[in-house]
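The block underneath contains the structure these notes are about, expressed in structure tokens.
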Amino acid sequence: MPTITAIFENGVFRPLEPVALPEHTRVEFEPKVQPAPDVPAVPTGLARVYDVLSRRYKSGHPDTAERHNEHQP
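Using my numbering, the first residue of the sequence shown is number 40, and each one after it goes up by one.
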């Protein structure tokens, strides 16, 4: 049988496409959580830190490390 993609709503798994099974057929499966296609995955923990550090920021200053302590009292 092919893979069936479903959404869990109100305590019930709802298939996203028609399923070729007779009514009241009992099935067994192990849910595998998939990210929603329209929602980008949000990095967490250390992955989030690396994500932020990997971005380039336009500050207008050629050496932002030089000005690192300006916000400190």
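Built from N, CA and C at the ideal position, the CB exists for glycine as well.
Partner residues in the beta bridge of residue 53, as assigned by DSSP, are 46. A direct Cα-to-Cα measurement between residue 65 and residue 74 gives close to 26 Å. The Cβ atoms of residue 45 and residue 52 lie closer than 8 Å to each other.
Look at residue 94 here: in three-state DSSP terms it is coil, with no helix or strand label.
Shown here for residue 76: not one same chain residue has a beta carbon closer than 8 Å to its own, the five before and five after excluded.
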